[in-house]
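Read top to bottom, the protein sequences are chains V and B.
Under our numbering, think of the first position of the first sequence as 1, with each following residue one higher.
Under our numbering, think of the first position of the second sequence as 113, with each following residue one higher.
As structure tokens, the structure follows; a few thoughts come after it.
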Amino acid sequence: AQSVSQHNHHVILSEAASLELGCNYSYGGTVNLFWYVQYPGQHLQLLLKYFSGDPLVKGIKGFEAEFIKSKFSFNLRKPSVQWSDTAEYFCAVNSRDDKIIFGKGTRLHILP
Amino acid sequence: ETGVTQTPRHLVMGMTNKKSLKCEQHLGHNAMYWYKQSAKKPLELMFVYSLEERVENNSVPSRFSPECPNSSHLFLHLHTLQPEDSALYLCASSHHRADTQYFGPGTRLTVL
């Protein structure tokens with residue numbers, strides 16, 4: 001069965017630290033990959049997505065993610081986090097047979 | 113603001129009540145979704161509608177009944193709910209099923 005794993009449930013970092021959030025999925029076919037973010041008190045919104053092409057994708061607010069097909073991974077990165085990045089981050093995988101699955105989410109807390 | 117609205121934003125109901133949640137989008141999207149977001153569980157996809165047809169029902173109890181009268185509106189009818197159904201219910205829409213989803217703010221439901 002399809003699944004999405006986010007390895008870190010709760011991450012605490014200081015401002016200016018580098019961030020990497022892991023996401024692995026299990027599905028053998030072609031996928032669309034997403035990272036969504038939910039800032040405190042706000043809607044879930046798209047951070048970035050990968051459909052095809054360059055496996056390194058850039059999103060809003062300086063975030064990027066790299067799709068590594070051989071590792072079934074789509075890790076999210078940011079070189080220097082800010083206090084305003086405090087939020088919950090969700091990895092999602094949408095297979096081409098249109099099944100979408102979200103990971104359990106990672107709560108990121110940035111210390112000022 | 114994502115273009116997806118949900119009403120009411122908060123709802124408290126007894127186990128014998130009947131209520132409905134409403135979702136509306138004017139983004140021209142063809143797919144709409146209901147999700148359940150609980151504190152200790154991952155985001156759970158409940159129902160998917162594509163071109164007003166229900167295409168996915170993820171083993172949701174019959175006390176939840178969706179309705180999609182047109183491509184802009186989605187309802188979730190609730191009856192004889194249980195306290196464990198208390199959660200944030202999110203609506204989302206997308207151009208088609210494999211595409212980026214736009215989420216509403218959610219309805220915070222409390223079942224007494």
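Even glycine gets a Cβ: it sits at the ideal position worked out from N, Cα and C.
Just so we're clear, the structure is a prediction, and the values are computed from it rather than from any experiment.
I'd like to confirm the pairing. Which residues does DSSP put opposite B:M144 in its beta bridges? B:Y161, B:S205, per the DSSP bridge assignment.
Could you check if V:Q42 is buried or exposed, using at least 16 other CB atoms within 10 Å of its CB as the buried criterion? V:Q42 comes out exposed.
Go ahead and pull the three-state DSSP assignment for B:S177. Assigned with DSSP and collapsed to three states, B:S177 falls in strand.
In chain B, what lies closer than 7 Å to V:L32 by C-beta? Here the sequence assigns Asn to residue 32 of chain V, which means Leu is not the residue at that position. Result: A210.
May I ask you to report which of helix, strand or coil DSSP gives V:E88? In the structure shown, V:E88 sits in a strand (DSSP, three-state: E or B).
Do the CB positions of V:A92 and V:V37 come within less than 8 Å of each other? In this structure, V:V37 does not lie closer than 8 Å to V:A92 by Cβ.
Opposing strand residues paired with V:N8 [DSSP bridges]: Note: V:N8 sits in no beta bridge, so no partner.
Along the beta strand (DSSP E) that carries V:T106, what are the first and last residues, could you check? Counting along the chain, the beta strand (DSSP E) containing V:T106 begins and ends at 106 to 111.
Applying the criterion that 16 or more other CB atoms from any shown protein chain within 10 Å of the CB defines a buried residue, is V:I100 buried or exposed? Taking a 10 Å sphere around the C-beta of V:I100, we find 16 or more other C-beta atoms and assign the residue as buried.
For a test of the three-state rule: what should DSSP assign to B:E196, helix, strand or coil? Three-state result, B:E196: helix.
Once the 5 residues before and after B:M127 are set aside, which same chain residues still bring their CB inside 8 Å of it? The residues are T192, L193, Q194, P195, V223, L224.
Counting only Cβ pairs nearer than 7 Å, list the residues of chain V close to B:P217. In chain order: H43.
Going by DSSP in three states, B:K152 sits in which element: helix, strand or coil? Residue state for B:K152 is assigned as coil, using DSSP reduced to three classes.
If you count every other CB in all the chains shown that lies within 10 Å of the CB of B:V167, and 16 or more means buried, which is it? B:V167 counts as exposed, since fewer than 16 other beta carbons sit within 10 angstroms of its beta carbon.
Can a CB atom of chain V be found closer than 8 Å to the CB of B:L155? Nearest CB-CB separation between B:L155 and chain V: below the 8 Å threshold.
Quick check on the burial criterion: 16 or more other C-beta atoms within 10 angstroms. Buried or exposed for B:R121? Under this definition B:R121 is an exposed residue.
At 9 Å on the CB atoms, spell out the chain V contacts of B:L202, in chain order. The answer, in chain order, is H43, L44.
Using DSSP with H/G/I as helix, E/B as strand and the rest coil, what is V:S70? Correct three-state label for V:S70: helix.
Which value, in whole angstroms, describes the spacing of the CA atoms of B:A210 and B:Y145? B:A210 and B:Y145 have their C-alpha atoms some 12 Å from each other.
Given B:S177 as reference, the closest of B:P154, B:A151, B:L133, B:G140 once Cα atoms are compared: Put simply, of B:P154, B:A151, B:L133, B:G140 the residue whose alpha carbon is nearest the alpha carbon of B:S177 is B:L133.
Quick check on V:K61: does DSSP put it in helix, strand or coil? Reduced to three states, the DSSP call for V:K61 is helix.
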